[in-house]
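For the protein sequence lines, the chains are D and L, in the order given. Heads up, the first sequence is in this note's numbering, so the first residue is 142 and it goes up one at a time. Heads up, the second sequence is in this note's numbering, so the first residue is 2 and it goes up one at a time. Structure first, then comments.
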Amino acid sequence: AQTVTQSQPEMSVQEAETVTLSCTYDTSENNYYLFWYKQPPSRQMILVIRQEAYKQQNATENRFSVNFQKAAKSFSLKISDSQLGDTAMYFCAFMKQGDGGATNKLIFGTGTLLAVQP
Amino acid sequence: NAGVTQTPKFQVLKTGQSMTLQCAQDMNHEYMSWYRQDPGMGLRLIHYSVGAGITDQGEVPNGYNVSRSTTEDFPLRLLSAAPSQTSVYFCASSYSIVDGTQYFGPGTRLLVL
Chain D
142 AQTVTQSQPE MSVQEAETVT LSCTYDTSEN NYYLFWYKQP PSRQMILVIR QEAYKQQNAT
202 ENRFSVNFQK AAKSFSLKIS DSQLGDTAMY FCAFMKQGDG GATNKLIFGT GTLLAVQP
Chain L
2 NAGVTQTPKF QVLKTGQSMT LQCAQDMNHE YMSWYRQDPG MGLRLIHYSV GAGITDQGEV
62 PNGYNVSRST TEDFPLRLLS AAPSQTSVYF CASSYSIVDG TQYFGPGTRL LVL
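Below is the structure:
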């Protein structure tokens, strides 16, 4: 069975600074997807970034980037130039890839609550 | 497009009552799922569907039933509510088997007394 671990329950960063959120996972699969989701106080789940395991290049989306270390089973999220609107719970998630492609079954970590301070 | 919609937003039930949480999407997505979110535990998969007429169990299916008679709708039924089912419930849908990106509804907060 796959597991996802986020070891930082809470983090704080000053506005305009950079912060890195950690995520490790355990799997025997070779093909899978990794995701970071953001959940602001509104409770809406918002996809931040996605990484395919077969891709060596780290995914980036504007101020958000990941450091994907497949051998170490590590998938950290870096947020650059932090903004007040980045304050949210951040979830790391794993999805196994089946024979037909994505299985669409997400396994989530327990989340990291990020507070951006003015 | 309205995306993924869920009703109600909030519901209070008494132990033993039954109810249906509604989920609908207008994006013609084949894949739909139900997750529950509990404090300190992240989201966990309850049931999922890969298309109309096809459903399967997720990680925590006990106490819940689902059906998928149309592509658009995927209701979640609580047969006999228990306090342990107090949670926030999210419905999600996905079109692609290529990248697995899921789109989430706004959630339903359920309190079972």
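In this text, a Cβ means the ideal position worked out from N, Cα and C, and glycines have one as well. Predicted model, so just to flag it, every value in this text is computed and none were measured.
{"Asked": "Check this for me: beta carbons of Tyr178 (chain D) and Ala256 (chain D), under 8 angstroms apart or not?", "Found": "no"}
{"Asked": "Got a sec: is the Cβ-Cβ distance from Tyr195 (chain D) to anything in chain L below 8 angstroms?", "Found": "no"}
{"Asked": "Am I right that Gln7 (chain L) and Pro107 (chain L) are in contact with their C-beta atoms under 8 angstroms? What's the rounded C-beta distance?", "Found": "6 angstroms"}
{"Asked": "What does the Cβ neighbour count give for Gly239 (chain D), buried or exposed, with the cut at 16 atoms within 10 Å?", "Found": "exposed"}
{"Asked": "Taking the alpha carbon of Leu44 (chain L) as the reference point, which residue from D:Thr244, D:Tyr231, D:Gln258 and D:Lys237 has its own alpha carbon closest?", "Found": "D:Tyr231"}
{"Asked": "Counting beta carbon pairs with one atom in the stretch 72 to 83 of chain L and one in the stretch 7 to 21 of chain L, are three or more of them shorter than 8 angstroms?", "Found": "yes"}
{"Asked": "Within 8 angstroms (strictly less), CB to CB, does Phe209 (chain D) reach chain L?", "Found": "no"}
{"Asked": "Between the C-alpha atoms of Thr251 (chain D) and Asn29 (chain L), what's the straight-line distance to the nearest angstrom?", "Found": "30 angstroms"}
{"Asked": "Can you list, in chain order, the residues of its chain with a C-beta nearer than 6 angstroms to that of Asp27 (chain L)? Leave out the 5 residues immediately preceding and following it.", "Found": "Asn2 and Ala3"}
{"Asked": "Label Ile55 (chain L) either buried or exposed according to how many other C-beta atoms from any shown protein chain fall within 10 Å of its C-beta, with 16 as the threshold for buried.", "Found": "exposed"}
{"Asked": "Hey, how far is the Cα of Asn171 (chain D) from the Cα of Ala212 (chain D)?", "Found": "10 angstroms"}
{"Asked": "Buried or exposed: Lys246 (chain D), going by 16 or more other Cβ atoms within 10 Å of its Cβ?", "Found": "buried"}
{"Asked": "Using the beta-carbon count (16 or more within 10 Å), is Ser148 (chain D) buried or exposed?", "Found": "exposed"}
{"Asked": "Considering only the beta carbon of each residue, do Met90 (chain L) and Leu111 (chain L) sit closer than 8 angstroms?", "Found": "For the record, residue 90 (chain L) in the displayed sequence is Tyr; it is not Met. Yes, Cβ-Cβ distance for Tyr90 (chain L) and Leu111 (chain L) is below 8 angstroms."}
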